[in-house]
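One structure is given below, encoded as structure tokens.
Chains as they are written, first to last, in my numbering: chain A, 24 to 411; chain B, 24 to 411.
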């Protein structure tokens, strides 16, 4: 079974920023794209219909969570992740590695892979490059990620080098496994992987030469797209931007570049400027539940007493349901009252703001005005009007 | 300022069941009607747009909660409850009495009213018949309820009689206060009460003669509608139905009858058969959060292991968003994973089921087929298919 070609089309560039689109078995995704995080098969606090209305063209699913509960076997028997969760647009799944390293208990890494205990029931589990591929094949995502080792920041150059080289070897095993699955029917891998793309991940910490080595070795294996891992983990922001820019420049022009786990609205704009095409981040959803709203005028903490009698919408420039219908005073009341509707309304706004930012980025690139957009955007969102 | 007449139109009867409608400053409500409970200014787990889509024509707001947080003064300054919460359809507010008796601390009842401490911050509060009217006037609800004393079940005949007679005296004070407000502008009651209707409440426990006495005395005061209080609090179901039937028959034909706090889907149908026009209940929303779904085939506990691989919608006969898009297997997974989206999807279904039941009741009365509907409905929802 030969997979459908994962066609990435680069439509236009504006400085380092790129306008593009790619095709998946579940439709086209326009880039630069933001992927809301649907950890356990739901984007926390939202219904899919509202996510679609907000303009989400692709979401991310977490392999670690779904593998543990309800299990990729069960999901495969339901016809794959799309059918199981009722989301018919593209899905990218991570490899599970990041969660194994950050959430699981008694995690032990060897050349073979990771041994760990489930944080849910303590059961012993294995995650290898091969099983990470198999699980994602059973999930039937449109884009699968290779298993990589996730290094904590800060790490020494030596630690980063050893870890990066292992990640490269794992990437090779992931690719081999996928190629085997593409050419053979493997027992217990019941969902067809036809059309599933696989992205490699560039590691190397904050060391430019290691990043270069990782990029070159990962490109030599060959993937449908390339991700930058191990960033946005606590390193200084300027250092992150520098690494992103240098790494992105080294990657193939004709394939998408995905910065994993980033970031703030400012990060999205700054990293698009440096050649990134795809993002995912829990900030808009997690911060919404904590009462923090991202707006065209900067961040706003809805708990703040100054909003108690504020009849304005959260963001006067936003057209989302929350901003069309509700005031800051009401959202503050709901949040302080512990109503889950507060989380739902805040999430809907934050995701709309992120997805709208991506739409505005794409429009600016299309019109060749990205740099002007970037400057105005950074000036407006960094206003300390609300959080001071 | 003379209020707009609260016009209840009785359109058709079918046995004891009544088809009607009434007008409020925020539009028409068709009866029999179910009012989703919006305790703190939100119907838990939903967005208003979905509630509107599900067919909710009126919601209930809790005076006790809103008085304590964010405060009726603040809400009045925001332009009243409708504007504050962004709901433009009719709202009924309770008097706060039930919550004072059940939630507040150190509650002491005298002839004057209730003294209690807020369950939120321990602050000392007063609720009198007059202040209950004032608060609801500040909230600007379409229908206000009189303050009554809520007796626990079981109570002796003597206790029920003493309590009922006090509730009648309080009802008289509530009516006098409203008439004063209708004819004068009272300082600090800043929201216009133009058009606000006021309902009396019939008490008397499970004692038919006390219910009769209460109904007669409450009608003698004269209200735009009449509620039955102190039912659905633990008494045997047949006794409740009997009291409902006897009390409803005694109330004026040309005014709406509201059974407070009830009930199950079966209760709605059985009490419509006995002449009730309005209901409110937390069951559809609260049980949804606990994973219990009301369906055309009876109740379904989504945690049940039998649903782990069930690809059917929660209710095959339901057209709600949840049932159109999601399976029992997915809802079970979300519920067990603690995702708030589970509560949202379950709530949307349960409220749709309740509101659809009311729509079907109204259609059956209109076509003169209510008794057939009632028999078929009770047969289908009492099937033990899922919970056995």
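No residue lacks a Cβ here, since even glycine has one placed at the ideal position from N, Cα and C.
Quick caveat: nothing in here was measured; it's all calculated off a predicted structure.
Straight-line gap, residue i to residue j (C-alpha atoms, nearest Å)
i: residue 158 of chain A; j: residue 128 of chain B; result: 54 Å
i: residue 121 of chain A; j: residue 352 of chain A; result: 38 Å
i: residue 56 of chain A; j: residue 281 of chain A; result: 9 Å
i: residue 409 of chain B; j: residue 324 of chain B; result: Any answer about residue 409 of chain B is weak, because its pLDDT of 49 lies below 50 and its placement is not dependable; what the coordinates show is given next. One C-alpha to the other measures close to 7 Å.
i: residue 270 of chain A; j: residue 123 of chain A; result: 26 Å
i: residue 286 of chain A; j: residue 387 of chain A; result: 20 Å
i: residue 88 of chain A; j: residue 136 of chain A; result: 18 Å
i: residue 38 of chain B; j: residue 395 of chain B; result: 12 Å
i: residue 131 of chain A; j: residue 256 of chain A; result: 21 Å
i: residue 265 of chain A; j: residue 175 of chain A; result: 19 Å
i: residue 113 of chain A; j: residue 366 of chain B; result: 25 Å
i: residue 261 of chain A; j: residue 268 of chain A; result: 10 Å
i: residue 417 of chain A; j: residue 31 of chain A; result: Chain A is shown only over 24 to 411; residue 417 of chain A falls outside these bounds and no answer can be derived.
i: residue 249 of chain A; j: residue 383 of chain B; result: 56 Å
i: residue 358 of chain A; j: residue 336 of chain B; result: 32 Å
i: residue 143 of chain B; j: residue 104 of chain B; result: 21 Å
i: residue 50 of chain A; j: residue 320 of chain A; result: 34 Å
i: residue 66 of chain A; j: residue 385 of chain B; result: 38 Å
i: residue 303 of chain B; j: residue 111 of chain B; result: 19 Å
i: residue 254 of chain B; j: residue 96 of chain B; result: 32 Å
i: residue 70 of chain A; j: residue 61 of chain B; result: 20 Å
i: residue 300 of chain B; j: residue 54 of chain B; result: 5 Å
i: residue 400 of chain A; j: residue 340 of chain A; result: 13 Å
i: residue 309 of chain B; j: residue 93 of chain A; result: 25 Å
i: residue 392 of chain A; j: residue 36 of chain A; result: 11 Å
i: residue 99 of chain B; j: residue 162 of chain B; result: 6 Å
Contacts that residue i makes with chain B (C-beta to C-beta distance below 8 Å)
i: residue 363 of chain A; result: 67, 68, 363, 366 and 367
i: residue 357 of chain A; result: 63, 64 and 65
i: residue 92 of chain A; result: 356, 359 and 360
In DSSP terms, what residue i is bridged to
i: residue 132 of chain A; result: A/137
i: residue 223 of chain B; result: B/249
i: residue 60 of chain B; result: B/83
i: residue 165 of chain A; result: BP columns for residue 165 of chain A are empty, so no partner.
i: residue 316 of chain B; result: B/323
i: residue 51 of chain B; result: B/46
i: residue 40 of chain A; result: A/37
i: residue 147 of chain A; result: A/140
Cβ-Cβ distance between residue i and residue j below 8 Å
i: residue 314 of chain A; j: residue 41 of chain A; result: no
i: residue 173 of chain B; j: residue 252 of chain B; result: yes
i: residue 373 of chain B; j: residue 317 of chain B; result: yes
i: residue 346 of chain B; j: residue 338 of chain B; result: yes
i: residue 360 of chain A; j: residue 63 of chain B; result: yes
i: residue 368 of chain A; j: residue 349 of chain A; result: yes
i: residue 204 of chain A; j: residue 169 of chain A; result: no
i: residue 355 of chain A; j: residue 312 of chain A; result: no
i: residue 279 of chain A; j: residue 102 of chain A; result: no
i: residue 164 of chain B; j: residue 84 of chain B; result: yes
i: residue 247 of chain A; j: residue 29 of chain A; result: yes
7 Å Cβ cut-off: residues of chain A touching residue i
i: residue 63 of chain B; result: 360 and 362
Chain A residues whose Cβ lies nearer than 8 Å to that of residue i
i: residue 344 of chain B; result: 70 and 72
i: residue 109 of chain B; result: 348, 349, 350 and 353
Partners in chain B for residue i, counting only beta-carbon separations shorter than 7 Å
i: residue 7 of chain A; result: Limits of chain A in this structure are 24 at one end and 411 at the other, which puts residue 7 of chain A out of reach.
Residues that residue i contacts on chain A, provided the C-beta gap is smaller than 9 Å
i: residue 231 of chain B; result: Correct list: empty, because the minimum Cβ distance to chain A is about 41 Å.
i: residue 97 of chain B; result: 331, 332, 352 and 356
Reference residue i, options the options, closest by Cα
i: residue 402 of chain B; options: B/292, B/345 and B/359; result: B/292
i: residue 82 of chain B; options: B/296, B/223, B/327 and B/58; result: B/58
i: residue 258 of chain B; options: B/184, B/307, B/177 and B/275; result: B/177
i: residue 362 of chain B; options: B/342, B/31 and B/68; result: B/68
i: residue 108 of chain A; options: A/72, A/379 and A/142; result: A/72
i: residue 241 of chain A; options: A/272, A/192, A/288 and A/165; result: A/192
i: residue 116 of chain B; options: B/220, B/101 and B/46; result: B/220
i: residue 398 of chain A; options: A/134, A/94, A/295 and A/254; result: A/295
i: residue 275 of chain A; options: A/92, A/231, A/101 and A/223; result: A/223
i: residue 188 of chain B; options: B/201, B/167, B/238 and B/218; result: B/238
i: residue 197 of chain B; options: B/232, B/118 and B/182; result: B/118
i: residue 78 of chain B; options: B/343, B/404, B/405 and B/391; result: B/343
i: residue 376 of chain A; options: A/201, A/100, A/322 and A/200; result: A/322
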